[in-house]
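Number of protein chains: 2
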Amino acid sequence: MMAALVSSDSLVTRALAADNAAMARLMSRAEAGTAECRPALAKLYAKAGRAHVIGITGVPGSGKSTLVSTLTLKLRASGKRVGIIAVDPSSPYSGGSIMGDRIRMSELVSDEGVFIRSMATRGAHGGMARASLEAVDVLDAAGFEYVIIETVGVGQAEVEIARAAHTIVVVSAPGLGDDIQAIKAGILEIADIHVVSKCDRSDANRTISDLKSMLTMGLSVGGSRLWQTPVVPTSSANGEGFEQLIECLDGHGQFMRKSEAGQERIRRIAEFRMLKTAEDLLHQRFLNSRQGELATVSAQLSDRRISPYQAAERLLNGINLQGTP
Amino acid sequence: MMAALVSSDSLVTRALAADNAAMARLMSRAEAGTAECRPALAKLYAKAGRAHVIGITGVPGSGKSTLVSTLTLKLRASGKRVGIIAVDPSSPYSGGSIMGDRIRMSELVSDEGVFIRSMATRGAHGGMARASLEAVDVLDAAGFEYVIIETVGVGQAEVEIARAAHTIVVVSAPGLGDDIQAIKAGILEIADIHVVSKCDRSDANRTISDLKSMLTMGLSVGGSRLWQTPVVPTSSANGEGFEQLIECLDGHGQFMRKSEAGQERIRRIAEFRMLKTAEDLLHQRFLNSRQGELATVSAQLSDRRISPYQAAERLLNGINLQGTP
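Quick mapping for you: the protein sequence lines, in order, are chains A and B.
Going by this note's numbering, the letters in the first sequence line up with residues 1 to 325, in that order.
Going by this note's numbering, the letters in the second sequence line up with residues 326 to 650, in that order.
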């Protein structure tokens with residue numbers, strides 16, 4: 001119980017000195033979404049903005065967790081600190097994170113220059129995106145040079161979070177089934193960098209050439225005249241390709257910092273955060289203000305006396321969105 | 326251009342007579358989300374409520390599309406009509422559906438008693454859930470006895486839609502990788518019926534016994550004293566298990582219609598629809614009303630002069646959620 005009494009202010013001071021326990025506690029408060037920690041989060045946000053935020057996404061089975069582990073080890077070799085925010089799909093009932101993949105990262109856990117956080121995928125409406133990006137701020141303000149957001153590349157909300165990174169890495173693996181390939185198509189075009197994992201496998205060349213022809217056909221949106229989306233073959237088994245991957249990451253980080261297109265994208269990411277946060281607050285307030293009516297209106301809907309739109313309009317009745325001037 | 330002039334009212338009349346073209350056009354109007362078709366959707370909603378709505382979900386590679394095809398063929402043998410709403414993850418840029426899996430259903434396409442619709446996964450905030458459930462209404466009102474909602478079992482928004490069905494079937498397959506198994510854990514507990522697909526494979530017994538021990542440990546939430554969640558092994562290759570699956574589906578349909586717990590769950594589904602629709606409308610109106618301020622506030626956020634919460638509060642400034650009495 002004593003632990004809960006630590007003020008958010010003192011946690012901020014300690015987090016800025018990269019105290020792991022303080023960072024973890026601030027992330028938990030951010031996840032809880034209570035108003036008390038907002039001034040602390042605002043202080044961290046003001047100090048943040050230096051880290052290179054990398055979104056790593058791919059379908060289940062693409063090997064992205066192994067890639068993240070190996071990449072983190074290689075980045076650590078240069079002395080840079082690496083934070084990892086893993087956004088895992090969670091049970092809609094328990095609200096807990098799935099820790100399965102994280103076990104592979106055990107070799108990193110004892111390293112003081114690495115901070116790993118699994119985020120529960122909280123209620124929809126921006127809660128997950130909001131809390132994940134606040135966790136990124138904590139690491140960024142604490143001076144971590146790289147912050148990796150790892151998300152599963154399936155699901156609207158999940159892909160949206162990867163898109164809030166400066167650099168989006170989409171991981172493909174050879175030999176996945178048809179179902180999985182079909183889903184993959186939805187995320188390929190958001191890549192700034194393509195990685196083909198498991199390139200020690202003989203069928204990796206097919207995956208690499210498929211991606212390259214897709215890029216030639218101009219199906220990539222992440223790329224532009226100023227940034228050519230590369231395809232990087234890697235193997236976590238033998239360490240191949242990670243030097244090239246780090247070069248590409250640093251190259252894209254420079255592109256984001258120094259180009260007008262990069263700066264414009266950073267402004268769009270800020271707009272995305274602002275809207276997610278506003279929608280999260282609006283949603284909470286709407287639900288709170290309508291608690292008394294929910295049962296009555298949903299009973300009428302359930303009996304089909306009114307339609308879903310009519311029910312919705314009853315709940316929204318009288319809300320004035322124009323605001324006061 | 327002429328086609329666009331057909332009134333929603335005349336489409337409703339034709340859809341109630343199960344005219345496929347009229348049903349498809351109403352679904353497109355529902356997806357577009359324009360206000361004009363709401364009276365038509367309200368009429369359909371008032372006529373709906375008889376179909377057994379079945380959510381079928383599973384991780385990529387679980388074989389759920391093949392299962393849906395085989396199940397549909399078996400249900401058709403009894404003369405019942407079957408509608409399929411497939412909610413596929415789509416590109417965040419193109420907004421289009423992925424049709425890959427649907428190809429397997431070609432044998433069903435020529436059957437007048439089967440209607441298949443792939444939904445684009447539109448913007449977040451209930452748009453996808455709202456439009457998918459409106460498509461269910463169209464089929465329900467047109468007298469289809471079964472409506473299957475097929476969703477990929479990864480992603481908050483996607484799983485939420487499966488949960489709006491009367492009966493939730495979670496499909497597991499033997500021999501999937503670690504990454505996929507970890508994700509699967511998040512949806513297992515929402516099952517009313519577990520299906521183990523590909524049970525002609527030798528490693529299927531392991532998957533079946535894993536699910537059964539999980540159920541024994543009481544990890545299932547879908548089950549209750551009144552409904553014991555069954556584990557049904559199926560094989561689309563040899564047709565095994567589909568008779569048992571249909572018995573379980575019909576048994577759960579009866580449970581939903583006849584038990585107080587089932588009726589309560591139907592009320593909760595109505596409440597979910599109402600809230601999704603309200604949030605969708607609220608979100609659209611909020612964005613429309615704030616267009617003029619977005620650029621100014623997000624520029625301040627981007628420069629870190631204000632925090633995401635402060636930016637959000639500026640956008641929400643003056644919104645009165647209490648409503649007029």
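Backbone N, C-alpha and C fix where the C-beta goes; we use that ideal spot for every residue, glycine too.
Predicted, not measured: the structure shown is a model, and the values here were computed from it.
Residues that residue i contacts on chain B, provided the C-beta gap is smaller than 7 Å
i: H283/A; result: E604
i: P174/A; result: Under the 7 Å cutoff, chain B gives no residues; its nearest Cβ is about 13 Å from P174/A.
Outcome for residue i when other beta-carbon atoms lying within 10 angstroms are tallied against a minimum of 16
i: A482/B; result: buried
i: S172/A; result: buried
i: T492/B; result: buried
i: D203/A; result: exposed
i: V87/A; result: buried
i: E247/A; result: exposed
i: S332/B; result: exposed
i: R273/A; result: buried
i: K368/B; result: buried
i: G564/B; result: exposed
i: N345/B; result: exposed
i: M23/A; result: buried
i: R50/A; result: exposed
i: I264/A; result: Here residue 264/A is Glu; the residue named in the question, Ile, does not match the sequence. Label assigned to E264/A: exposed.
i: V384/B; result: buried
i: R38/A; result: buried
i: R615/B; result: buried
i: A32/A; result: exposed
Residues near residue i by beta carbon distance below 7 Å, same chain, minus five either side
i: M424/B; result: In this prediction, M424/B scores a pLDDT of 42, lower than 50, which makes its location untrustworthy; the coordinate-derived value is nonetheless stated afterwards. So the list reads S443, once near-sequence residues are dropped.
i: Q569/B; result: V557
i: A373/B; result: D462, D465, A466
i: K80/A; result: E145, Y146
i: L71/A; result: F242, L245
i: D334/B; result: A365
i: K53/A; result: According to the sequence shown, residue 53/A is Val rather than Lys. Around V53/A: V136, V147, I149, A165, H166.
i: D426/B; result: The predicted position of D426/B is uncertain, since its pLDDT is 42 and thus under 50; a value taken from the coordinates is nonetheless stated next. Closer than 7 Å at Cβ, skipping near neighbours: S390.
i: A343/B; result: A467, G468
i: R401/B; result: V407, D436, G438, V439
Boundaries of the alpha helix (DSSP H) in which residue i is found, first to last residue
i: I246/A; result: 242-258
i: S8/A; result: 8-16
i: V59/A; result: Neither: V59/A is in no alpha helix (DSSP H) and is coded neither H nor E.
i: T216/A; result: 204-216
i: S110/A; result: Here S110/A belongs to no alpha helix (DSSP H), and DSSP marks it neither H nor E.
i: S497/B; result: Looking at the DSSP string, S497/B is not in any alpha helix (DSSP H); the run it does join, the beta strand (DSSP E), is 492-497.
i: E31/A; result: 20-32
i: E150/A; result: Counting along the chain, E150/A falls outside any alpha helix (DSSP H), though it belongs to the beta strand (DSSP E) covering 146-152.
i: P633/B; result: 633-641
i: D137/A; result: 127-141
Nonlocal neighbours in the same chain, by C-beta distance under 6 Å from residue i, ignoring five residues either side
i: W227/A; result: F255
i: E459/B; result: A355, L366
i: Q625/B; result: I631
i: T207/A; result: S172, P174, V196
i: L211/A; result: H194, V231
Proximal chain A residues relative to residue i, where beta-carbon distance stays under 9 Å
i: M348/B; result: Within chain A, no residue comes near M348/B; the closest Cβ sits about 18 Å away, beyond 9 Å.
i: L619/B; result: E271, M274, L275
i: F567/B; result: Result: empty, since nearest Cβ-Cβ is about 20 Å, beyond 9 Å.
Other residues of its chain near residue i: CB distance less than 8 Å, five sequence neighbours each side excluded
i: A360/B; result: none
i: R314/A; result: E293, V297, I306
i: S353/B; result: none
i: G388/B; result: V496, A498, S522, K523, S561
i: A311/A; result: V297, S298, Q300, L301
i: N317/A; result: none
Residue i beta carbon near the ligand SAH (any heavy atom closer than 6 Å)
i: G578/B; result: With respect to the ligand SAH, the structure shown offers nothing to examine, as it has no ligands at all.
Neighbour list for residue i in chain A, Cβ cutoff strictly below 7 Å
i: I591/B; result: S302
i: A367/B; result: S307, Y309, Q310
i: S623/B; result: R267, A270, E271, M274
i: V384/B; result: P60
Expected contact under 8 Å - CB spacing of residue i and residue j to nearest Å
i: I512/B; j: I473/B; result: The Cβ separation is near 17 Å, so there is no contact.
i: V114/A; j: V68/A; result: Not a contact, Cβ separation roughly 11 Å.
i: Y45/A; j: R610/B; result: With a Cβ gap of about 28 Å, Y45/A and R610/B do not count as contacting.
Terminal residues of the beta strand (DSSP E) in which residue i lies
i: A411/B; result: 407-412
i: P364/B; result: No beta strand (DSSP E) contains P364/B, which is instead part of the alpha helix (DSSP H) from 363-372.
i: I278/B; result: Outside the modelled stretch of chain B, which goes from 326 to 650, sits residue 278/B, for which no answer is possible.
i: P233/A; result: 231-233
7 Å Cβ cutoff, residue i in contact with chain E
i: Y146/A; result: The structure shown contains no chain E; its protein chains are A and B.
Partner residues on chain B for residue i, Cβ-Cβ distance less than 8 Å
i: A46/A; result: R629, S632
i: G49/A; result: R629
Listed by chain order, chain A residues near residue i by CB distance under 8 Å
i: R363/B; result: S307, Y309
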